[in-house]
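All residue numbers for the sequence shown refer to my numbering, where the first residue is 52 and numbers rise by one. Glycine included, C-beta positions come from ideal geometry on N, C-alpha and C.
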Amino acid sequence: MFLALLAAALGVASSAPDASAPKAAASAKAGTLIDLTPDFAEIADQTASLSDAERVAAFHARFDPLLPGYFNGKGERQPRFDVTALRYLQSWPRQRARITQTAAAFGDAFARGQAHFRAAFPDYTLTVPVYLVHAIGQQDGGTRTIGGRTVLFFGADVIAALHDETTIGPFLDHELFHIYHERYFSGCTVLWCSLWREGLATYAASQLNPGVGDRALLLTQPQPIRPKVEPRLAEAMCGLRARLESSRREDYAPFFLFGPAKGPFPSRYGYFLGYLLAAKIGATMPLQALAKLPPDKVKPLLAAAIDGYGPCPKPDSATP
Numbered sequence: 052m053f054l055a056l057l058a059a060a061l062g063v064a065s066s067a068p069d070a071s072a073p074k075a076a077a078s079a080k081a082g083t084l085i086d087l088t089p090d091f092a093e094i095a096d097q098t099a100s101l102s103d104a105e106r107v108a109a110f111h112a113r114f115d116p117l118l119p120g121y122f123n124g125k126g127e128r129q130p131r132f133d134v135t136a137l138r139y140l141q142s143w144p145r146q147r148a149r150i151t152q153t154a155a156a157f158g159d160a161f162a163r164g165q166a167h168f169r170a171a172f173p174d175y176t177l178t179v180p181v182y183l184v185h186a187i188g189q190q191d192g193g194t195r196t197i198g199g200r201t202v203l204f205f206g207a208d209v210i211a212a213l214h215d216e217t218t219i220g221p222f223l224d225h226e227l228f229h230i231y232h233e234r235y236f237s238g239c240t241v242l243w244c245s246l247w248r249e250g251l252a253t254y255a256a257s258q259l260n261p262g263v264g265d266r267a268l269l270l271t272q273p274q275p276i277r278p279k280v281e282p283r284l285a286e287a288m289c290g291l292r293a294r295l296e297s298s299r300r301e302d303y304a305p306f307f308l309f310g311p312a313k314g315p316f317p318s319r320y321g322y323f324l325g326y327l328l329a330a331k332i333g334a335t336m337p338l339q340a341l342a343k344l345p346p347d348k349v350k351p352l353l354a355a356a357i358d359g360y361g362p363c364p365k366p367d368s369a370t371p
């Protein structure tokens, strides 16, 4: 019933666009930081007395024209997302103080983060618009394509849940490295490309923040990854080797996405594997040189680093 009512409410809401809404991401100026967290607060407050379906419809009416594809266009996953969006709207009174405080501090943190990153990479420039949003739990940070354009998003809700003053710096280094790295490593879409992107960004954060631990590198989410993977590295690398050329989401997901683990290793363990491989390759050249390697140079280096962990372990003969 909720979904049917939502469909009807969306039909009404979509006919009344808000002419006063901020500029859409597709036309926003590169290098600017746009804070849309007050818009979420306004929608949550203004719709508090409406039905569940009307609240979600109002949310989409406000944000979908601004960020097409970020909160909508999710296909079969859209109904589940909308249920989650409703839950966040309903919980706003309890979460307001924490998320508002995070959003208020983010501008200064981002400015410091850019200065810190530029000290290591003097040729860094912010070439994309940046949005601070209530991400409905989707991400703490990362790029998305909006209207054919790359946009850097930061989710104040997830940052508030995961980060503090000890982790925000390495986190920003990780995300800014992705922006920088894209200049030199683009057009590569299979699994090993993601392994290199995420592994090298994690390695970069560790190098730019000497002494930080796994928590600051987000290698403890959703659970500590190292203790589960390190004792079985040869097995983990074997499974990775078999999927390096895959472009299938079902192969990608266990390595890089949050979700229930479907094997012996925790979700997102590809970040740890990529980090180890980047560190191994990084022992032979400086970070600034690693960042500028094109795909055709990276691929054989990754393959050799993986092979360095030895052949696939033989199955346990005691296992039926």
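Endpoints, the alpha helix (DSSP H) within which residue i is located
| i | result |
| --- | --- |
| Asp302 | 300-307 |
| Gly164 | 129-171 |
| Leu338 | 338-342 |
Host beta strand (DSSP E) of residue i (start-end)
| i | result |
| --- | --- |
| Arg200 | 200-206 |
| Ile85 | 84-86 |
| Arg277 | It is not in any beta strand (DSSP E) - Arg277 instead sits in the alpha helix (DSSP H) that spans 277-280. |
| Gly262 | Run containing Gly262: none; DSSP gives neither H nor E here. |
| Thr271 | First-last for Thr271: undefined, no H or E at that position. |
| Gly314 | Segment: none, Gly314 is in no beta strand (DSSP E) and carries neither H nor E. |
| Thr196 | 192-197 |
Span separating the alpha-carbon of residue i from that of residue j
| i | j | result |
| --- | --- | --- |
| Pro364 | Ala285 | 7 Å |
| Gly361 | Arg292 | 11 Å |
| Ala72 | Pro261 | Any reading at Ala72 must be qualified, since the residue scores a pLDDT of 47, below 50, and its modelled position is unreliable; no value is offered. |
| His214 | Gly192 | 11 Å |
| Arg294 | Asp302 | 7 Å |
| Pro130 | Asn123 | 10 Å |
| Gln141 | Asp103 | 9 Å |
| Ala342 | Ala75 | 31 Å |
| Ala160 | Ala212 | 16 Å |
| Ala281 | Gly359 | The question names Ala, but residue 281 is Glu in the sequence shown. Taking the straight line from one Cα to the other gives about 15 Å. |
| Ile230 | Thr201 | 9 Å |
| Arg145 | Phe205 | 21 Å |
| Gln444 | Glu216 | Any answer about residue 444 is impossible in this case: the structure gives the chain only from 52 up to 371. |
| Thr83 | Cys289 | 43 Å |
| Gln190 | Tyr139 | 14 Å |
| Tyr121 | Ala329 | 30 Å |
| Ile357 | Tyr322 | 14 Å |
| Leu338 | Pro345 | 14 Å |
| His185 | Gly198 | 20 Å |
| Leu352 | Trp243 | 11 Å |
| Ile210 | Thr178 | 23 Å |
Residue i, DSSP secondary structure in three states
| i | result |
| --- | --- |
| Tyr235 | coil |
| Tyr254 | helix |
| Arg294 | coil |
| Ile187 | coil |
| Gly325 | helix |
| Val107 | helix |
| Tyr175 | coil |
| Tyr360 | coil |
| Val241 | coil |
| Tyr121 | coil |
| Ala72 | Residue confidence for Ala72 is low, a pLDDT of 47 falling below 50, so the modelled location carries little weight and cannot support an answer. |
Buried versus exposed call for residue i [16 or more other C-beta atoms within 10 Å across all chains shown]
| i | result |
| --- | --- |
| Leu227 | buried |
| Arg149 | exposed |
| Gly250 | buried |
| Met336 | exposed |
| Gln165 | buried |
| Asp96 | exposed |
| Asp208 | buried |
| Asp224 | buried |
| Pro305 | buried |
| Ala108 | buried |
| Pro278 | exposed |
| Thr98 | buried |
| Pro221 | buried |
| Arg106 | buried |
| Gly158 | exposed |
| Arg248 | buried |
8 Å Cβ cutoff, residue i in contact with chain C
| i | result |
| --- | --- |
| Arg200 | You won't find chain C in this structure, because it holds only one protein chain. |
heavy atom of the ligand FMN below 7 Å from residue i C-beta
| i | result |
| --- | --- |
| Asp224 | The ligand FMN is not part of the structure shown, which contains no ligands of any sort. |
| field | At least three beta-carbon pairs within less than 8 Å, the stretch 315-322 to the stretch 272-290 | value | Contact holds: three or more Cβ-Cβ distances are below 8 Å.
| message | Whether or not the stretch 112-131 and the stretch 228-243 are in contact is what I'm after, with contact meaning three or more pairs of Cβ atoms, one per stretch, closer than 8 Å; do they touch? | response | The stretch 228-243, when compared against the stretch 112-131, does not touch it at the 8 Å Cβ threshold.
| At least three beta-carbon pairs within less than 8 Å, the stretch 307-315 to the stretch 250-267 | Not touching, per the Cβ criterion.
| task | Count the CB pairs spanning the stretch 86-95 and the stretch 169-179 that are closer than 8 Å, and state whether there are at least three. | result | At 8 Å Cβ cutoff, the stretches do not touch.
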